[in-house]
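What follows is one structure encoded as structure tokens, with my remarks underneath.
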Amino acid sequence: MTFWTEFTEEAPKISTVFRRRHKATGNLCMLATLRADGSPRISPVEPRFFEGMLVIVGMPGTTKFKDLGRDPRFCLHTATVDTMVGDGDAKLFGVVTDLPDRDLHARFAQDLFEESGFDIRGQEFDHFYVADLTGASCVEIADDQLAITIWKPGEGERVVRK
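For the sequence shown, the UniProt record's numbering assigns the number 1 to the initial residue and increments by one for each residue that follows.
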């Protein structure tokens, strides 16, 4: 598994762009999942970094989480508002793992409350999805060129310029 901590060590450029865009949009990202018929679904989500993991949780019973329960593959894209990607843009690919650890859930809920005031302490999680990253990329404009940084586990980052 490539959790967030390992990813940041192997892909410092992409993880930096992802964190910057994630923060700039108030944690908003777009989550791509697969519907039961195999067609794609795009949904807003606010993933969080917690205890070295990228956690994808949200309102219980939503179709995006039903999708992940059926097929754990996903793509997570930073919300882009600038067509010239002046601040960069990043995508993460992988599969989710559902961690049923109630102590972990309680720590997460306490951390969320302390950071945002949103109180879900004491509530049970339907799912607690953690990202296992299998690939990532980011784009930035540098010296009037499009710089595409690509990562796969164990291969480090490589840059393609166009």
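Built from N, CA and C at the ideal position, the CB exists for glycine as well.
{"Query": "Does DSSP put HIS22 in a helix, in a strand, or in coil?", "Result": "helix"}
{"Query": "Use the C-beta contact count for GLU10: other C-beta atoms within 10 angstroms, 16 or more gives buried, fewer gives exposed.", "Result": "buried"}
{"Query": "Using 10 angstroms around the beta-carbon of MET53, count the other beta-carbons present and answer buried if the total reaches 16, otherwise exposed.", "Result": "buried"}
{"Query": "Near SER137, what residues of its chain come up, given a Cβ to Cβ distance below 8 angstroms and the 5 sequence neighbours on each side ignored?", "Result": "ILE14, ALA90, LYS91, ILE148, THR149, ILE150 and TRP151"}
{"Query": "Closest to GLY20 by CA distance: which of LEU133, THR134 and ALA79 is it?", "Result": "Per the sequence shown, the amino acid found at residue 20 is Arg instead of Gly. Ranking the options by Cα distance to ARG20, first place goes to ALA79."}
{"Query": "What does the Cβ neighbour count give for PHE118, buried or exposed, with the cut at 16 atoms within 10 Å?", "Result": "exposed"}
{"Query": "So, is ASP67 buried or exposed, given that buried needs 16 or more other C-beta atoms within 10 angstroms?", "Result": "buried"}
{"Query": "With a threshold of 8 angstroms between beta carbons, is SER39 in contact with chain B?", "Result": "Of the protein chains in the structure, only one exists, and it is not chain B."}
{"Query": "Is the distance from the Cβ of VAL96 to the Cβ of PRO60 below 8 angstroms?", "Result": "no"}
{"Query": "Using the Cβ count rule (16 or more neighbours within 10 Å means buried), how would you classify ALA131?", "Result": "buried"}
{"Query": "For GLU10, which residues does DSSP report across the bridge?", "Result": "Note: GLU10 sits in no beta bridge, so no partner."}
{"Query": "Leaving out the 5 sequence neighbours to the left and right, which residues in its chain are closer than 6 angstroms to PHE93 when beta-carbon positions are compared?", "Result": "CYS75, THR134 and GLY135"}
{"Query": "By how many angstroms is the C-alpha of LEU112 removed from the C-alpha of ARG161?", "Result": "39 angstroms"}
{"Query": "Give me the DSSP bridge partner(s) of TRP4.", "Result": "According to DSSP, TRP4 bridges with nothing at all."}
{"Query": "Please state whether DSSP places SER116 in a helix, a strand or coil.", "Result": "helix"}
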